[in-house]
Amino acid sequence: MAVYKRTYKAYHGRLTPAWSRFTVLTRYGLSTLFDSRPFTAYTVLCFIPFLIGLAYIYVVHSSAAQALLRTGNVAMPATVNNDFFLGFLGFEAGMGFILAAWGGPGMITKDFANHSVQLYLSRPISRTEYLVGKISVLAALLSCTTWIPALILFFVKAELQGHGWLWENLWMAGSIVLSCFIWIAMISLISMAVAVWVKWRIAATALMLGIFFLLPAAAAILNAILRTQWGNLLNFTHMITLVWMRLFREKQAELPTAFNGVPLWAAWASLLSVCAACFWLLDRKLRAREVERS
Amino acid sequence: MPATIEMQNLTVQLGNRIILNQLNGALSGRCIGLLGPNGSGKSTLINTLLGFYEPVGGAARIFGKEVKGNLRELRAMIGYMPESDAFIADMTGVRFVRYMAELSGLPRGEAMERAHEAFFYVGLGEARYRKLGTYSLGMKQLAKLAQAIAHGPKLVLLDEPTNGLDPEARIRMLQLVREIRDTGEVSVLISSHLLRDIEECCDQVLILKDGRIAALCNLEEERKANLKFLELEVTQGNGFLESVRGLGCECASFGAGRVRIVLPDNIDLRQIYRTAAEHEVQIRRMNYRRDSLEDIFLKAMSGTQQAQGSANGRL
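Just so you know, the protein sequences line up as chains U and W, in that order.
Just so you know, the first sequence maps onto residues 549 to 842 in the working numbering.
Just so you know, the second sequence maps onto residues 578 to 892 in the working numbering.
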């Protein structure tokens, strides 16, 4: 049978389940991102801390490896505890932020630049599904570089240490997943919201960087002028770090002085507010047709 | 069988402006033309049918199902070709159409096969592996048509499909529309401000003016109607027109001896000749002419009242 026919014919075949349509957006989104070699290379680079972490845990539990390190005058590794996982996630979150700022806004700004949002939304998918499909791209990427490797490290550590350690520190697995979910949700929402707002990839990426690097400066100025610590509410990096530290049961005395004046509830409120603002922006701006108000 | 599209007091407001004002009517043609000057609400009507705009009053139905509340189901049955450029520039043509077909619910394999078929069908088979950003305007229009039909919709909405096309590409596009229409498996709604495009393809036409229905008529019936339009060129003759009117004909004079007459069924052409002879009027030229879409359109544009079902060529 010929591959094509030069006549129009209706389609009467089977259809995919309606709930799974958003995965088409995710699949094509990932495929488009990995068409870029620099992006692929950077994604691979994001796994290096995981390999280092894996080697670190191995060294901590291998007397042969430690003996080898002693002969080379290398400093002995410390124990693998909540500080280790917090540090690992902090580093991976930083790398993941670049990943999100690089790949995130472009997924949506391209659709706006090419006026293709109307084509997506004229299909049997809703705005929510469109957004979920696009966010899933970032969520998949960031999950692969944060909580999934962290959990692997956690279980490797548990396996090498023995079962007692696993039950004593099981809360840490929950903290790893929860802290990463919060961070991924926030980063993804900000990435999508700035993209639909400015509709230009370069500006959206710049705006994202501004939110995480210029707002802290504004927060510091506010703190200095008003002699308060509440300005830190605008410093989302600080706020998420504060939440993470609590989730990883860091002691109050170990918290940096910058966090002293901000209670935990305020940090949560700050993060939830930025997520709510992103939802509001997405709801207003993510439309097939934009209405000029007159 | 329900009408393809039904409107019941459909009112759409964007910002503070009412764009569609209480539209009523049923469109059931195989190919429906949507005519009107710029800003008359053609694209807004299409966008409302797609669920992009929510009516502030009334309702629209497609295949008997109300748009509001059945969007997912209806969108699966609709293929949409937007007026403006809408594509993904760095994607190849066939991948783009496959992507759109998958979003409409086709499984991967079928979507790929249908994307190839659609591309060959619209005549872009050789260019299907080129990136869409490198296509000419005419090719982009055809690619947009391909994505609109790839998933086998029951209703295709074409918003200004011949915009920016050269004559050859325009003919090709209209031919494709007619072919799709003639399969009988799909209804087509074409929005255009080019009367000729509509006249060549459509069997029903909805004319919008300032967001209201200026005319809704069945071109097929108009064509079949036995109302004979005569265009005469006559020498001046006193009382000729009055006598013709006395026979029961409608007639109008356009100066320089040009006269248009609508012959009712019971009036024979010989009676016109006889009347002309009685008034010593020479008939120098006579054409049979049915009411053209242009006449219907111009009449609709000049009138303010809705001419639903009555755009039958009365002078």
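Note that beta-carbon positions come from the ideal geometry of N, C-alpha and C, so glycine has one too.
| Item | Value |
| --- | --- |
| Check whether the stretch 673-690 of chain U touches the stretch 636-649 of chain U, counting contact only when three or more Cβ pairs, one atom from each stretch, lie closer than 8 Å. | yes |
| Chain U beta carbons: is any one of them nearer than 8 Å to that of W:H856? | no |
| Are the stretch 661-677 of chain U and the stretch 557-571 of chain U touching, with three or more C-beta to C-beta distances below 8 Å? | yes |
| Based on the DSSP output, what are the partners of W:G656 in its beta bridges? | W:V733 |
| Using only CA atoms, which one of W:A663, W:E690, W:L683, W:H770 lies nearest to W:Q671? | According to the sequence displayed, residue 671 of chain W carries Val and not Gln. Nearest C-alpha to W:V671: W:E690. |
| With a threshold of 8 Å between beta-carbons, can W:Q813 be considered close to chain U, or not? | no |
| What three-state label does DSSP hand W:L719 in the structure shown? | helix |
| For U:R775, write down the residues that DSSP places opposite it in a beta bridge. | Looking at the DSSP assignment, U:R775 forms no beta bridge with any residue, so it has no partner. |
| To the nearest angstrom, how far is it from the Cα of W:I748 to the Cα of U:D831? | 42 Å |
| So what does DSSP say about W:K642, is it helix, strand or coil? | strand |
| At the level of alpha carbons, what is the spacing between W:T625 and W:V763? | 20 Å |
| I'd like to know whether the C-beta of W:T760 is nearer than 8 Å to at least one C-beta of chain U. | yes |
| Whose C-alpha, out of W:E703, W:K708, W:D872, is nearest the C-alpha of W:E776? | W:D872 |
| Check for me: the beta strand (DSSP E) holding W:T588 runs from which residue to which? | 582-591 |
| What whole-angstrom Cβ distance do U:A754 and U:A743 have, given they're in contact under 8 Å? | Not quite, the Cβ-Cβ distance comes to about 12 Å (not below 8 Å), so this is no contact. |
| U:W778 to U:V810, Cα distance in whole Å? | 6 Å |
| Report the residue from U:V665, U:V628, U:G635 whose alpha carbon sits nearest the alpha carbon of W:D662. | U:V665 |
| Is there a Cβ from chain U that is less than 8 Å from the Cβ of W:N795? | no |
| At which residues does the alpha helix (DSSP H) containing U:C728 begin and terminate? | 718-746 |
| Contact check, W:L732 vs W:I595 under 8 Å by CB: the rounded distance? | Actually they are not in contact, since the Cβ atoms of W:L732 and W:I595 sit about 26 Å apart, beyond 8 Å. |
| If contact means a Cβ-Cβ distance below 8 Å, which residues of the stretch 671-700 of chain U contact chain W? | R671, P672, I673, S674 |
| With H, G and I counted as helix, E and B as strand and the rest as coil, what does DSSP make of U:Y556? | coil |
| Can you pull the chain U neighbours of W:A653, defined as C-beta to C-beta under 9 Å? | L563, A566, R671, P672 |
| Check whether the stretch 601-609 of chain W touches the stretch 582-589 of chain W, counting contact only when three or more Cβ pairs, one atom from each stretch, lie closer than 8 Å. | yes |
| Excluding the 5 residues preceding and the 5 following U:L795 in the sequence, name in chain order all residues of the same chain whose CB lies nearer than 8 Å to its CB. | S723, L726, S727 |
| For chain U, find out if any of its Cβ atoms is closer than 8 Å to the Cβ of W:S617; answer yes or no. | no |
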